[in-house]
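Residues 11 to 595, numbered by this note's numbering, are exactly what the sequence shown covers, in order.
Note that CB positions come from ideal geometry on N, CA and C, so glycine has one too.
Computed from a predicted structure; not experimentally measured.
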Amino acid sequence: MLLGTLLVLLLAGAAPASAHAALRASDPEDGSVVRTAPTHITLTFTESVGLLEDSFRIYGPDNRRVHMEEPEHAAGAADTARAALPRDLGEGTYTVAWRVVSADSHPVSGAFTFSIGKPSPTPPAAPQDHAEHPVTKSLYDTGRYLAYIAAALLIGTAAFAALCRPPDTGPLRAPLLFGWWTLLVTTTALLVLRAPYEKGASPLTALDVSTFPDTLSGRPGMALLARVLLLLTAALLLPVLRHRTLRTRVTAGAAFSVALALTWASAEHASAGIQVPVAMTSSVLHLLAMAAWLGGLTALLLTLHRAKTPPPYDTVARFSRLAFTSVTVLVLTGAYQSWRGLGSWSALTGTAYGRTLAVKLAATVFLLLAAALSRRWTALLARPAVAEERVPALVGASGPPPEPRTTHVTTAPPEAVEPEAVHRRALRRSVLAEVVVAVAVLLVTTVLTGTLPSRAEAEAAKAPAPQVAGLPGAQALTVPYDTGTPGGSGTVQLTMDPGRVGENGLQAVVFGPQGALSSVPEIRVTFTLPSKDVGPIDAGLTDRGGYWATNDLTLPLEGAWTMKLTVRVSDIDQVTVERGVRIGR
């Protein structure tokens, strides 16, 4: 069963997609006005997605929820979800709220509107219960972070014991047990929290057993279940392996570590996007190298402090070589994953993913400096001061005296003991510094795995802007805004009909940071034609009870107009955004 689960996870991760799903297109389109009621709602994403029982919710012009069939994937298209609509939908504006699970295990949500016949005077508000629950998200993110630490401690300590061969392994039992138990408990907790995390529900709903079948049918749930089964299998096989040869134990440990790493790679960024097989291989190697280095550091630190006898130079030197190999693998796989996630150099500073990655790279540089210092102290331990004494050889009790002979005895004089102790203390301090920085690197890594990669963000931005169906020449614009204050960001969707010289209608709908409809105190829109020195012309938008609109916007000339959108979110906070608008005849 365990092997089958891992194979399903590995094969399921081979679909080409973009990490973190983003809505690519919808039918009906966002902000569109259709002449007749559609038979289906269809959403197309930038990657394959998992569906929930209520992935689609639609609210009619009267703010009541419209009954619809359970969503399903379109035939042969894991990135497209659709659901049938009732045939008796009336005239007015409908709001569709959606929530799906990305192929990399992160839930994403949003909302959009469309109208049948003509827009409603007051569009229905999108429901708030599709947003992430802060307590559930906090618990889930904490569990993910602790799972990373536990995996590094478990794999790294076992690798240190098997490959570096310290004479006293007593201090390593505690981190091995702590790593195993912590990973088992956190993974079980993540499995229980998976359903409320996907649905954005309270953690109090985690024990609803009816949600477990849906959780275990998705790739993230399968990965978590496989991890639990791996840990339990390892605990059962450990007593048997104790009596096997070292080579057998190392082989079994390596197989367990690779399988454990696959439970991450198969359900996170590596499982979606370009070059999925290469990315998953890189992710597995990256996690194993991280664990061997950072977990091994903790094991070395405990050995230096708690072993009955100080570890010999050979043990420290073996770990030094292991750490160097791990760092080499980390650099190569990290460079590939950075390229895959960023997509361009400008994204390193221009996106949240890039800035988080830059913080991780800076912390990694400090980690490498501490590692170089540790290697220096390790090298000094290999050159203790020695003295040679010429000792007369033993001779017989009788007979002529033989030719004088000497033997060389290498001993450490008293003055050599103090420098060695100094070097060991310095090594302990440098290893401790590595461990502290490593914990910070793991924290940033956890944040990075939950951030939309820059390449996927750019791909989502390339999605075609919505056009208004059924109204020839109409224009639709989606304009993001950000006042720089908490809750002061979102998008404004503007529809201009017919978008030509003369009289036009203009409607503006505001969406908040979580994609839900938002109410703001004021929206102003002005138009200027710089080439003819015309304007600014104030559109004169008025609040229509949920959206802003005017039917009296007159643009007298064709050309490239500049639209200025001002959004005021409070008495003192507002922002102005400019966009170009082409007006024809």
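Excluding five sequence neighbours on each side, which residues of the same chain lie with their C-beta closer than 7 Å to the C-beta of residue i?
| i | result |
| --- | --- |
| Glu-532 | Arg-578 |
| Arg-204 | Thr-225, Pro-230, Gly-231 and Leu-234 |
| Leu-221 | Residue 221 is actually Thr in this sequence, not Leu. Cβ within range, chain order: Ala-205. |
| Lys-542 | Leu-567 and Gly-569 |
| Val-451 | Lys-370, Ala-373, Thr-374 and Leu-377 |
| Pro-540 | Thr-572 |
| Pro-38 | Val-44, Pro-48, Phe-124 and Ala-479 |
| Ala-448 | Leu-304, Leu-307 and Leu-377 |
Going by C-alpha distance, which of the options is nearest residue i?
| i | options | result |
| --- | --- | --- |
| Asp-562 | Asp-583, Gly-509, Ala-570 and Val-591 | Gly-509 |
| Leu-575 | Gly-210, Pro-206 and Thr-488 | Thr-488 |
| Val-511 | Trp-571, Asp-40 and Arg-554 | Trp-571 |
| Ser-58 | Ala-113, Thr-179, Ala-345 and Ser-267 | Ala-113 |
| Tyr-491 | Val-446, Leu-565 and Val-585 | Val-585 |
| Thr-258 | Thr-192, Ala-172 and Leu-241 | Ala-172 |
| Leu-240 | Arg-252, Arg-254 and Leu-272 | Leu-272 |
| Glu-278 | Ser-119, Val-219, Arg-154 and Met-300 | Arg-154 |
| Leu-200 | Ala-169, Thr-243, His-116 and Pro-249 | His-116 |
| Leu-156 | Arg-316, Trp-190 and Thr-179 | Trp-190 |
| Val-326 | Gly-364, Ala-381 and Val-44 | Ala-381 |
| Leu-33 | Gly-210, Leu-242, Val-219 and Ala-107 | Ala-107 |
| Ala-244 | Phe-334, Gly-210, Phe-266 and Arg-92 | Phe-266 |
| Val-441 | Ser-36, Gly-305 and Thr-49 | Gly-305 |
| Pro-71 | Pro-129, His-83 and Ala-91 | Pro-129 |
| Ile-159 | Thr-308, Ala-269, Gly-545 and Ser-348 | Thr-308 |
| Val-323 | Ala-269, Leu-256, Leu-242 and Ala-431 | Note that residue 323 corresponds to Tyr in the displayed sequence, not to Val. When only C-alpha atoms are compared, the closest one is Ala-431. |
| Leu-311 | Ser-276, Arg-435, Pro-81 and Ala-269 | Arg-435 |
| Ser-36 | Pro-131, Ala-368, Gly-120 and Ile-593 | Gly-120 |
| Asp-98 | Asp-64, Pro-144 and Thr-46 | Thr-46 |
Might you give, ordered along the chain, the residues of its own chain that have their beta carbon closer than 8 Å to the beta carbon of residue i, omitting 5 neighbours on each side?
| i | result |
| --- | --- |
| Leu-551 | Leu-516, Ala-518, Ile-533, Arg-534, Val-535, Trp-558, Ala-559 and Thr-560 |
| Asp-581 | Pro-531 |
| Ala-407 | Residue placement at Ala-407 is flagged as unreliable, the pLDDT there being 39, under the threshold of 50; the coordinate-derived value follows with that caveat. Excluding sequence neighbours, Ala-407 sits near nothing in its chain. |
| Val-250 | none |
| His-315 | Pro-181 and Arg-438 |
| Glu-588 | Thr-572, Met-573, Lys-574 and Leu-575 |
| Thr-167 | Leu-182, Pro-185, Leu-186, Gly-189, Gly-305, Gly-306, Thr-308 and Ala-309 |
| Leu-404 | Residue placement at Leu-404 is flagged as unreliable, the pLDDT there being 36, under the threshold of 50; the coordinate-derived value follows with that caveat. Excluding sequence neighbours, Leu-404 sits near nothing in its chain. |
| Ala-84 | Thr-52, Thr-90, Ala-91 and Arg-92 |
| Val-268 | Val-294 and Leu-298 |
| Asp-178 | Thr-313, Ala-317, Lys-318, Thr-319 and Pro-321 |
Starting from residue i, trace the alpha helix (DSSP H) both ways and give me its first and last residue.
| i | result |
| --- | --- |
| Lys-574 | Run containing Lys-574: none in the alpha helix (DSSP H); it sits in the beta strand (DSSP E), 569–578. |
| His-50 | Unbroken run through His-50 is the beta strand (DSSP E), 50–55; no alpha helix (DSSP H). |
| Thr-167 | 144–169 |
Over what stretch of residues does the beta strand (DSSP E) that includes residue i continue unbroken?
| i | result |
| --- | --- |
| Gly-545 | 544–548 |
| Leu-61 | 59–69 |
| Ile-533 | 532–539 |
| Ala-84 | 82–84 |
| Leu-173 | Premise fails: Leu-173 is in no beta strand (DSSP E) and is neither H nor E. |
| Asp-89 | 87–94 |
So who's on the other strand from residue i, going by DSSP bridges?
| i | result |
| --- | --- |
| Glu-588 | Lys-574 |
| Asn-514 | Leu-563 |
| Gln-285 | Paired residue(s): none; Gln-285 is not in a bridge. |
| His-116 | Beta-bridge pairing links His-116 to no other residue. |
| Ser-125 | Val-43 and Thr-103 |
| Met-78 | Beta-bridge pairing links Met-78 to no other residue. |
| Thr-488 | Gln-503 |
| Ser-36 | Leu-53 |
| Ile-593 | Gly-569 |
| Phe-521 | Thr-501 and Leu-527 |
| Thr-552 | Ala-559 |
| Val-110 | Leu-61 and Val-118 |
Looking only at its own chain, which residues have a Cβ that is under 6 Å from the Cβ of residue i, when we skip the five neighbours before and after it?
| i | result |
| --- | --- |
| Arg-175 | none |
| Arg-658 | No information on residue 658 is available, as it lies outside the stretch 11 to 595 that the chain covers here. |
| Pro-474 | Below a pLDDT of 50, predicted positions are generally treated as unreliable, and Pro-474, at 46, falls in that range; no measurement from the model is reported. |
| Tyr-207 | Thr-146 and Tyr-150 |
| Asp-139 | For Asp-139, the predicted model reports a pLDDT of 45, less than 50, meaning its position is unreliable; a value from the coordinates is still stated below. The answer is none, since no qualifying residue turns up. |
| request: Pick out the complete alpha helix (DSSP H) segments inside the stretch 192–270, 4 residues or longer, and give them in chain order. | output: Assignment of alpha helix (DSSP H) within the stretch 192–270, counting only whole runs of 4 or more residues, yields 222–227 and 229–251 in chain order.
| said: If we require 4 or more residues per run, which alpha helix (DSSP H) segments fall completely within the stretch 311–385? | reply: Fully enclosed alpha helix (DSSP H) runs of 4 or longer: 323–352 and 357–360.
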